[in-house]
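A quick write-up on the structure given underneath.
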Amino acid sequence: MKKAITLLMSSALILPTILTPTVAFGKSSSAPETLPVDIVENTKITQNSLIKQPDISKEQAIKLAKDAFPIPDNYKQTQVELNSKYYQSSYPAWIIRWELQENEEYGSIGISLNAETGEIASIYFNQSDNNEEKSFPPKVEREEAKEIAINYLEDILPDKVDDFLYDDSNDNNVKPPLDDDINYRFSFNQDVNGIPFKQNHVEISVNGNGNVRNFEYSWIKDYTFPSDENILKAQEVLNKMKDSFPLELQYKEVQSFGSKNKDLIVPEYFNEDTQMQLIYEQVSNINSINAKTGEWLDSQGNPIKDSLNIRKEPISKKPLDSAPSHSKELTAEEAEKIVKSYFSIPKDAELANVEYEENDYRVQGAVWNLRWTKEPSQWVNASVHAQTGELITYNQQNHYAKESNTVKYSEEKAKKIAIDTVKEILPHKANQLSLVNTRTWEYIKNQPAQYYFTFERLHNGIPVPSQRTTVTISSQNGEVIDFDHNWGERDFPSNDNVIPVDEAIQRYFDLHYVELAFELIHPTDEKPKVQLMYTLKRKQTDEPVYLDATKNEWISNKTGLPYEIDLDLNVTDLEGHWADKELRLMVEYRALQPDKMGKIHPDKLITRGEMIKMFMLTQRPYVYYQEKAMRLAVAESESTFNDVSSASPYHVYIEEAVREGLIDTDIKDFKPDEPVTREELALLITRALGYNKLTEYEDLFNLNFEDNENISEKGAVALVQHLGIMTGTDNKFSPQANVSRAQAAKAYFEYLTKQGLKVR
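For reference, each letter of the sequence shown is one residue, going -26 to -1, 1 to 734 in mature numbering (1 follows the signal peptide of the UniProt record, and there is no 0).
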């Protein structure tokens, strides 16, 4: 990768204008000491008299900073600061900042340097481009922008350019832009014998006009790098990971997009349409292996000796009691007695509020909510299931024991209290709850003030991570501070047809790769240090996905439908096509999808349903979140057209287009599978631009096509012709001619170039 940088830099490059910068500095864990310096005009000074005079004076530091990075005349110096210990280093550092704010243009530059040697430690530059005239398509494409970034790096850091490796890990995942708000971002990491070290890095952003608008440089020299000899091969690491990978069979909660279509699902909060689905999921965030020993490493870089695949066991082998039963709903008084049977409420506390909630989302049923208060500011809250009498929540304000500020209960003692509490309150579910996690909360003299225990639901021994019971215990007096029981009744599918875990692991690794890198770790009771490790990385997908445990397929969180990995990279029939660029843009956003042979069939007629899907998807740069919002918005709405039910793959797009006024609703059938005509496409585009009212005034427009008499939507056709979005052939518009996928993609691309004219 380093060779690629050198090669690019030796070619003729586009020279960017050196623009203005912003600076964000790493913060140390403790507040740094600062040295008083003389007041500089327009400069804020942070002062402290505890640091010795540095070898580099303030004046020298400012000069060195200006020599390292060009400071435009319209930037004002705003701060000079001396830190006793620069971020994760052993040396003091000068930090100098400049700011720009004029004519709606904002920018900042920050430079830090070693106060002992004068060496630059970091540069951060950022400037808005509010005053630039932007365009779509951009003046420079990503590859040109990359050359500009490399040239800029050479210009700013000529002595260090060969010390960096270009980070190409995201190159295949970056989507082309859909509007004129374009920023290409490029990363470069320190090169240590051909292996990246990402803590020392450069980030550069180039806008669509080819101007550098962001530059971040950080380089701390204090690190010692271990030898890279005798390390494991990548394939050896993959095999080791597969042999012990912590993949778990789970029940996942998903929500249908309305009760009419159970095939379209998305994870969401509880409601009546929430379903359970069997999936395979990684059970920990452990993703790294020591490159020499092959040991799994935790988040601090410590080797993990225990197996990652630990079966979750319930806190009891069998139920400890039968489920509570009541012939009728509880009264408020009965709910109050249930709370007091588990917890001691102060005698002088007043029952200040009682609320009956008919349909609580946690239980899909009625609950009693109770609140006790005691002056000056103590309180207790509790919720009780009105049908079953189960305690749902309990929490108290008195987080710290008033009589003591000393930790008296160890984690083991607190854990026993938490388990006993769950067994007492939920004895009938004790065989379905597993203690899976312990965390500490807040601190007293570096010791935990609270212990937080999570008990995960098991259904037939299979974890249900979204349904859990949590208990928080005080370390001072052993009291229960908080109890929360989240358990919804669901229909659980059978696990009879689940694929073996080794098959699931292989499928899982189809979506992952390993990366060798030096990483900064923070081992327990040790100083931070650098370690060489392999880390499992997930290939970027357009949207979140999960692995269906019965179908062995990746499923889109967005739709609940199978998700094809790298679908957009396998197109086989666009090379040399006149609309190659435009069609690939549609494929990138999955508005068009290749068939199993990787073909788009560019000259195939596009249907009305496909056209609407193309419009609705590619008008939204953040496709997953926008489409999810669309689906939820139309989930419970009645279908506008007789022939587009909620089961149609085009339903959500068509209904959203109706909501946005892009489709007429005075017809009963939309005919989603019929071809689009040129006139229909022209009308859709003018409506998307917000010109639908204007097109009604046909006298405003001149049309000189030979087939004018065949054009019904003269205003729309005239507008798209005038804007250059659609044109005629042989002086004919051919309004009733059908549109191919390539023609539709071309027209839509031209529409994107005119979005600046959109009526908003």
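Backbone N, C-alpha and C define an ideal beta-carbon position, used for all residues, glycine too.
Threonine 581 sits buried, since 16 or more C-beta atoms from the chains shown fall within 10 Å of its C-beta. Judged by their CB atoms, methionine 585 and valine 650 are nearer to each other than the 8 Å cut-off. DSSP, read as helix, strand or coil, puts serine 218 in helix.
Under DSSP, leucine 591 shares a beta bridge with no residue. Here asparagine 48 has Leu74 and Glu76 as same chain residues with Cβ atoms under 7 Å from its own Cβ, once five neighbours each way along the sequence are excluded. Here leucine 510 has Met215, Asn261, His486 and Val488 as same chain residues with Cβ atoms under 7 Å from its own Cβ, once five neighbours each way along the sequence are excluded. By alpha-carbon distance to aspartate 137, the top candidate from Asp145, Leu127 and Val545 is Leu127. In the three-state DSSP reduction, isoleucine 436 falls in the strand class (E or B).
Assignment of beta-bridge partners to methionine 250 by DSSP yields Glu227. In this structure lysine 32 is buried. Its beta-carbon is surrounded by 16 or more other beta-carbon atoms within 10 angstroms. No residue range can be given for arginine 336, since it is assigned to no alpha helix (DSSP H) and is classified by DSSP as neither H nor E. Counting C-beta pairs closer than 8 Å gives three or more between the segment 351 to 363 and the segment 292 to 300, which meets the contact rule. Annotation for phenylalanine 615: no beta strand (DSSP E) segment contains it, and DSSP assigns it neither H nor E.
Note: glycine 363 is not bridge-paired with any residue in the DSSP secondary-structure output. In the three-state scheme derived from DSSP, where H, G and I count as helix and E and B as strand, proline 518 is classed as coil. Comparing alpha carbon positions, the residue from His459, Val454 and Ser201 closest to proline 439 is His459. Going by DSSP, leucine 494 is part of the beta strand (DSSP E) stretching over 486 to 495. Exposed is the label assigned to methionine 571, since fewer than 16 other Cβ atoms lie within 10 Å of its Cβ. Counting only residues of its own chain and dropping the five nearest sequence neighbours on each side, valine 472 has a CB closer than 7 Å to the CB of Leu223, Leu252, Ala523 and Thr524.
DSSP places glycine 84 inside the beta strand (DSSP E), whose first and last residues are 79 to 88.
Exclusion of the five residues before and after glutamate 190 leaves Tyr98 and Glu177 as the residues of its chain whose Cβ lies within less than 6 Å of its Cβ.
The continuous alpha helix (DSSP H) containing aspartate 394 extends over residues 385 to 399.
Apart from sequence neighbours up to five positions away, the residues of its chain that approach glycine 702 with a beta-carbon distance below 6 Å are Phe679, ordered along the chain. In the three-state DSSP reduction, valine 475 falls in the helix class (H, G or I). For the set Gly92, Ala340, Ala35 and Tyr537, the Cα lying nearest the Cα of isoleucine 70 is the one of Ala35.
By the beta-carbon neighbour count (other beta carbons within 10 angstroms, threshold 16), glycine 635 is exposed. Taking the Cα positions, arginine 464 is about 11 Å away from valine 228. Distance check between serine 63 and each of Met590, Pro150 and Thr198 places Thr198 closest, using alpha-carbon atoms only. In the DSSP assignment, glutamine 51 falls within the beta strand (DSSP E) that extends over 50 to 57. Around the Cβ of valine 337, a 10 Å sphere holds 16 or more other Cβ atoms; the residue is buried. With a cutoff of 8 Å on beta-carbon distance, aspartate 617 and proline 576 are scored as not near each other. Counting along the chain, the unbroken beta strand (DSSP E) around lysine 172 starts and ends at 169 to 181. Serine 315 carries a helical assignment under DSSP once its states are collapsed to helix, strand and coil. Take serine 109, set aside five residues on each side of it, and the residues of its chain with a beta-carbon closer than 6 Å to its own are Asp154, in chain order. Boundaries of the beta strand (DSSP E) around phenylalanine 189: 186 to 192. With a cutoff of 8 Å on beta-carbon distance, valine 354 and alanine 309 are scored as not near each other.
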